[in-house]
Amino acid sequence: METILEVKNLAKSFDEKEVHRDVSFSLARGETLGLLGHSGTGKSVLLRSLIGLEHIDRGQIIYRNRRIDDLTETELFPVRTKISYSFQSGALFDSVSVFENIAYPLFEHTKLSEAEVARKVRELLRIVNLEDAEDLMPSDLSGGMQKRVGLARSMALDPDILLYDEPTAGLDPMNIEKVVDLINRCRERGFSGILVTHDIPVARRVCDRLVIINEGQVHFDGSVAEFNSSDDDFVKTFLLNERAV
Amino acid sequence: MTITKFKENLVITGELTLMFRDFLVASVTKPFYWGRLFEQIIHLGIGSLSITVVIGFVTGLLMTLQFGYGLATFGGTLYVPGIVSVSLLRELAPIFTSLLIAGRIGSGISAEIGAMNVTQQVDAIRALGTSPMRVLVVPRMLAAIISLPLLATLSAFMGIIGGIIIAYLEFNMPMGFYVNKVLAFLHFSDVFGSMLKCSFFAVIISLLACYKGFKTTEGTKGVGEATTWVVVRASITILISDFFLSKILLLLFA
Ligand SMILES: Nc1ncnc2c1ncn2[C@@H]1O[C@H](COP(=O)(O)OP(=O)(O)O)[C@@H](O)[C@H]1O
Ligand SMILES: [Mg+2]
């Protein structure tokens, strides 16, 4: 399968604190990759690094056979329209409506007319099951709805790769279902994706492959079946956690 | 202790300089957000209108009153219009308006950008392939640079009106006489110099506010500390730099 994104020997520290020592993995086109790791192992930092929100210290990030880790902030803008990041918190612009949040990337990066933008925004809202939220302000929404608006916003430009940062964390079962459904539909439509999650059942349902990060390195990289039958003690802690939940 | 403080301030000055350079570049290149600029001018400029008018008017009243009685003992009442209008336009209006704006707008901008930073909205702007410098900083700084000189000039104008009224009511000075005296004393260079100073103060206020906003990383407490930092720093910088700017302007125009 064709590789769309590759991370080679990535290292990243904050001041004295080493978060990633040597992380390597790759993402195939159309694949959804699950990124697991205990909290604080740097999963968010890793996703942020992929689109240059954090500067990495060493290593390479290669997107479509082109290095993107050494690009300047301005050179990264077009890349970020192709690799989109949906924040753990949603990170909606709280001074404007749901409609304007989703329309923002469309007005910035496309030449669509207002009517076309409105049509596209409504289509995205339908995909995330929030048809009626258009005129609401982010503060009127529940956490789960905010995350879904964030997802809609990150899908607005039809990116190649979607990076989901804990899209189901803190949601009730019904909202988790909706998000899982949504990710699976993106998968069916051929998007590639990287999903950071703590939720093993969710990971099983939406991921083709799993990567586990521990102590700044990739500890496990394999299919869901390999993960299920792993003998590795550390990998097993994730399976045990699941039973505990 | 003082050494680390000194180093810290050196770093801040360096970062502010770089930020100002980026601002200049972003102000003259595309994409430029006209809509956001107008929004901010309305928000910052028009929003501060009433308080500037009041402050200018009252300052003019008080100055005329005090100088009127003070100079009357030396028979110098005739000089009141000139003294009041020159000091208003050159110093009091720019300083009062700028300090007021530092409190109102400086704290507002740093709280707003700070809150956006804490809630990752600034990162979201970047992640959506756009520039926080263009989206947030340029409209706010330009709005301040455009609004502050106009507000200060308006404030001085209101002060002169206040002076005319008090001079008439308290000292029976004819209004036409007062206006003539003011016009004889003031030069265009006074207006120009005052506006120039205010643009400089606007840069100080808005640059510090945006800078601190982006540096805010921890919750509501961080936002509160940031606003205090901005108001104190901006006010001190304005007062100190005013001395040197006034000196330069006097050398240039006097
Ligand atoms: N901007 C930053 N400055 C300093 N340390 C950071 C920063 N961002 C993240 N970290 C640290 O990096 C580590 C990994 O964080 P994160 O990626 O958020 O973990 P998680 O795997 O839970 O998403 C944490 O210990 C965090 O404190
Ligand atoms: Mg995280």
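As they're listed, the protein sequences go chains A and B. Each residue of the first sequence is one higher than the last, beginning at 829 in the working numbering. Each residue of the second sequence is one higher than the last, beginning at 599 in the working numbering. Backbone N, C-alpha and C define an ideal beta-carbon position, used for all residues, glycine too. None of these values were measured; they are calculated from a predicted model.
Give the range of the alpha helix (DSSP H) segment to which residue 664/B is assigned. Looking at the DSSP string, the run of the alpha helix (DSSP H) that includes residue 664/B is 647 to 670.
Proximity test, residue 870/A beta-carbon vs ligand 1 heavy atom, cut-off 7 Å: yes
Contact list for residue 883/A against chain B, beta-carbon separation under 7 Å: In chain B, no part has a C-beta under 7 Å from the C-beta of residue 883/A; the shortest such distance is about 12 Å.
Residue 631/B - DSSP class collapsed to helix/strand/coil: Reduced to three states, the DSSP call for residue 631/B is coil.
Do you know how far the Cα of residue 850/B is from the Cα of residue 787/B? 9 Å
Between which two residues does the beta strand (DSSP E) carrying residue 1024/A extend? 1020 to 1024
Can you name, in chain order, every residue of its own chain whose Cβ lies under 7 Å from the Cβ of residue 865/A, other than the five neighbours on each side? 871, 1040, 1041 and 1042
I want to verify the contact list: residues of chain A whose CB lies under 7 Å from the CB of residue 837/B, in sequence order. Per Cβ cutoff of 7 Å: no residues; residue 837/B is ~33 Å from chain A at best.
Residue 835/B - DSSP class collapsed to helix/strand/coil: helix
Beta-bridge partners of residue 856/A, as assigned by DSSP: 831/A
Close beta carbons around residue 914/A, own chain, < 8 Å, minus the five adjacent residues each side: 975, 978, 979, 981, 982, 990, 991, 992, 993 and 995
Chain B contacts made by the stretch 870 to 881 of chain A, where a contact means CB separation under 9 Å: If the cut-off is 9 Å between Cβ atoms, the stretch 870 to 881 of chain A has 876, 879, 880 and 881 near chain B.
Taking C-alpha atoms, which residue in 711/B, 697/B and 654/B lies nearest to residue 923/A? 711/B
Secondary structure of residue 981/A, DSSP reduced to three states: helix
If we count Cβ pairs, one from each stretch, closer than 8 Å, do we get three or more for the stretch 692 to 699 of chain B versus the stretch 769 to 786 of chain B? Because the criterion of three Cβ pairs below 8 Å is not met, the stretch 692 to 699 of chain B and the stretch 769 to 786 of chain B do not touch.
Exposure label - residue 667/B; buried when at least 16 CB within 10 Å: Counting C-beta atoms within 10 angstroms of its own C-beta, residue 667/B has fewer than 16 neighbours from the protein chains shown and is therefore classed as exposed.
Can you list the residues of chain B that residue 947/A reaches, using a CB-CB cut of under 8 Å? Simply none; closest approach about 20 Å.
Can you tell me whether residue 840/A is buried or exposed? The criterion is at least 16 other CB atoms within 10 Å of its CB, across all chains shown. buried
Skipping 5 residues on each side, what residues in its chain have a beta carbon closer than 7 Å to that of residue 920/A? Taken in chain order, the residues that qualify are 929, 966, 974, 977 and 978.
Of all Cβ atoms in chain B, is any one closer than 8 Å to the Cβ of residue 908/A? yes
With a threshold of 7 Å (Cβ to nearest heavy atom), would residue 888/A be considered close to ligand 2? no
Could you tell me if the beta carbon of residue 865/A falls within a distance shorter than 7 Å of some heavy atom in ligand 1? For residue 865/A, the CB falls within less than 7 Å of some heavy atom of ligand 1.
Please list the segments of the alpha helix (DSSP H) lying wholly inside the stretch 718 to 752 of chain B, counting only runs of 4 or more residues, in order along the chain. 719 to 725
Between residue 755/B and residue 699/B, what straight-line distance do the alpha-carbon atoms span, to the nearest angstrom? 18 Å
Closest to residue 649/B by C-alpha separation, out of 753/B, 824/B and 769/B, would be which residue? Nearest to residue 649/B by alpha-carbon distance, out of 753/B, 824/B and 769/B, is 753/B.
Under 7 Å (Cβ pairs) to chain A, residues found in the stretch 703 to 728 of chain B: Result list: 717, 718, 719, 721, 722, 724, 725, 726, 727 and 728.
Count the other CB atoms, across all protein chains shown, that sit within 10 Å of the CB of residue 602/B; report buried if there are 16 or more and exposed otherwise. By the 16-neighbour rule on beta-carbons within 10 angstroms, residue 602/B is exposed.
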